[in-house]
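J.:
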Ligand SMILES: CC(C)(COP(=O)(O)OP(=O)(O)OC[C@H]1O[C@@H](n2cnc3c(N)ncnc32)[C@H](O)[C@@H]1OP(=O)(O)O)[C@@H](O)C(=O)NCCC(=O)NCCS
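Numbering (my numbering), first residue to last: 38 to 435.
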């Protein structure tokens, strides 16, 4: 038995497709697997030092693994992207944290030396595969009251969270949604988002050929307009289309490598993985999941919340981000949190979003050598949270 040494894992590079609106949006006639292929090919184009034959794994997440998101999409997308057929791949699912789990799973394999280099990412075409398509929950869940019926409807879990935390009012949630849109618009104006978008050629019978190059969902709005929106999950509720992530289509991908292998190949080290944690919570308030997962990841890293200089938090719902911020004593408008906006503006194609958070954090790290640690975190359906803590290799502190 050889002596094993745990190796540092580097996030080398990340990309994503522009996110479209589900149901008649940019990608209405585009296949989900083709969107993943665009991400893999763009990663190879941007990193010509990486010989495709050195890729040891392609892990791609999707929540609904049927049709164009089925057939072991990591393997099929790798072949379709032109990787040598010697490169294996697999599909992975942890709903909203699919791509995050693809990253942590291949990273653990890199750390123990099973892989040198891997691609991880995710896709969700919520237009072709609406949430809940084909699910068949075991009747025991409800018959034995293992979960409340609302636990299976994510918007209802957000309403439940408002019930539990009445100090998080609708107007606080709306203000957070507005800020997400404004921060995203400012980031686009300053050219922060575009560098990691990979354009996608589209074709539809109705509209002919097109090129998706910008996110489709973001919109200018106001507190007055937000206050007037319907509350689709409950009469007189608090969750609206303006303080929740929408229904979207999109794909993400990233390259991870052992840091020593990145050095050998001349690949950049954009972030260094420090620790990660996943945790379970009551499914009916799944939005609080990132609280215990972050506490776990911090504990494993030997860090405290005050060590974290940047947070990329997935905005599934404003209320669940606000619950996280309140728990850790962080202000609603703290500039360390989602400085370039979040999923309420850009969208949340479920299994793809984890790598969007990481790609954005990597770009922020490059701009912020004063920050040593950053966190990506998200809530997950059926009551979970996931957190990854990263170190900034550009950090210039002592
Ligand atoms: C909230 C939700 C039900 C809204 O769906 P929808 O009704 O199809 O959303 P739309 O984009 O059509 O928006 C509804 C209305 O609000 C308006 N609107 C949406 N966002 C707005 C904003 N930021 N400002 C102003 N108006 C807005 C739309 O124009 C639309 O108006 P209309 O009815 O006059 O056409 C849906 O986005 C959803 O389910 N989100 C949660 C997704 C989820 O659970 N993800 C997993 C997380 S764990």
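Note that CB positions come from ideal geometry on N, CA and C, so glycine has one too.
I'd like to know whether the C-beta atoms of residue 159 and residue 103 end up nearer to each other than 8 Å.
T.: It is not a contact, given that the beta carbons lie outside the stated cut-off.
J.: Report yes if the CB atom of residue 327 is closer than 8 Å to the CB atom of residue 350, and no otherwise.
T.: yes
J.: Say whether the segment 335–353 touches the segment 405–419, bearing in mind that this needs 3 or more beta-carbon pairs closer than 8 Å, one atom from each stretch.
T.: yes
J.: Applying the 10 Å Cβ sphere with the 16-neighbour rule, what's the burial state of residue 58?
T.: So residue 58 ends up on the buried side.
J.: Who are the near neighbours of residue 248 in its chain, counting only those whose CB is closer than 8 Å to its CB and skipping five residues on each side?
T.: A distance below 8 Å between beta-carbons, with the five flanking residues on each side excluded, links residue 248 to the following residues of its chain, in chain order: 236, 237, 238 and 239.
J.: Given residue 43, which residues of its chain have a CB within under 6 Å of its CB, disregarding the five upstream and five downstream residues?
T.: 148
J.: Contact check, residue 86 vs residue 337 under 8 Å by CB: the rounded distance?
T.: Wrong, their Cβ atoms sit about 32 Å apart, outside the cutoff.
J.: Give the secondary structure of residue 267 by DSSP, where H, G and I count as helix, E and B as strand, and everything else as coil.
T.: coil
J.: To the nearest angstrom, report how far apart residue 129 and residue 98 are at their CA atoms.
T.: Distance from the CA atom of residue 129 to the CA atom of residue 98, rounded to whole angstroms, is 5 Å.
J.: Would the beta-carbon of residue 89 fall within 8 Å of that of residue 120?
T.: yes
J.: Could you name the residues that DSSP lists as bridge partners for residue 415?
T.: As DSSP reads the structure, residue 415 sits in a beta bridge with 423.
J.: Regarding residue 256 and ligand 1, is the C-beta to nearest heavy atom distance less than 7 Å?
T.: For residue 256, the shortest separation between its Cβ and any heavy atom of ligand 1 lies below 7 Å.
J.: Spell out the partners DSSP gives residue 432 in its beta bridges.
T.: None; residue 432 has no bridge partner.
J.: List the DSSP bridge partners of residue 53.
T.: 234 and 289
J.: Does at least one heavy atom of ligand 1 sit under 7 Å from the Cβ of residue 273?
T.: Result no, Cβ not under 7 Å from ligand 1.
J.: Taking residue 143 and residue 96 to be in contact with their CB atoms under 8 Å, please state how far apart those CB atoms are, rounded to whole angstroms.
T.: 5 Å
J.: Following a CB-centred definition, is residue 279 positioned closer than 7 Å to any heavy atom of ligand 2?
T.: Of the ligands one can find in the structure shown, namely ligand 1, none is ligand 2.
J.: To which residues does DSSP link residue 161 through a beta bridge?
T.: In the DSSP output, where bridge partners are listed per residue, residue 161 has 287.
J.: Since residue 46 sits in a beta bridge, which residues does DSSP pair it with?
T.: 295
J.: Cβ of residue 320 within 7 Å of any heavy atom in ligand 1?
T.: Not so, every heavy atom of ligand 1 lies at least 7 Å from the Cβ.
J.: What are the boundary residues of the beta strand (DSSP E) that includes residue 247?
T.: 245–249
J.: Residue range of the beta strand (DSSP E) that residue 309 falls in?
T.: 308–317
J.: Skipping 5 residues on each side, what residues in its chain have a beta carbon closer than 6 Å to that of residue 62?
T.: The beta carbon of residue 62 lies closer than 6 Å to those of 253 in the same chain, with the five residues before and after it left out.
J.: Quick one: does the C-beta of residue 106 sit closer than 7 Å to a heavy atom of ligand 1?
T.: no
J.: How long is the line joining the alpha carbons of residue 375 and residue 244, rounded to whole angstroms?
T.: 35 Å
J.: Just to check, is the beta-carbon of residue 385 closer than 7 Å to a non-hydrogen atom of ligand 1?
T.: yes
J.: Checking 8 Å against the spacing of the C-beta atoms, do residue 109 and residue 135 come in under that value?
T.: Going by C-beta atoms, residue 109 is not nearer than 8 Å to residue 135.
J.: What does the alpha-carbon distance come out to for the pair residue 398 and residue 168?
T.: 27 Å
J.: Does the beta-carbon distance from residue 118 to residue 77 come in below 8 Å?
T.: yes
J.: Start and end of the alpha helix (DSSP H) containing residue 213?
T.: 207–226
J.: Could you check where the alpha helix (DSSP H) with residue 326 kicks off and where it finishes?
T.: It is not in any alpha helix (DSSP H) - residue 326 carries neither H nor E in the DSSP assignment.
J.: Could you tell me whether the Cβ atoms of residue 384 and residue 357 are closer together than 8 Å?
T.: Going by beta carbons, residue 384 and residue 357 fall outside the 8 Å limit.
J.: Run the CB neighbour count on residue 175, radius 10 Å, all protein chains shown included, and call it buried at 16 or more, exposed below.
T.: exposed
J.: Identify, in the order they occur along the chain, each residue of the same chain with its Cβ nearer than 7 Å to the Cβ of residue 217, setting aside the five sequence neighbours on each side.
T.: 352, 375, 378, 379, 381 and 382
J.: So, using beta-carbon positions, are residue 257 and residue 222 closer together than 8 Å?
T.: yes
J.: Residues bridged to residue 127 by DSSP?
T.: 96
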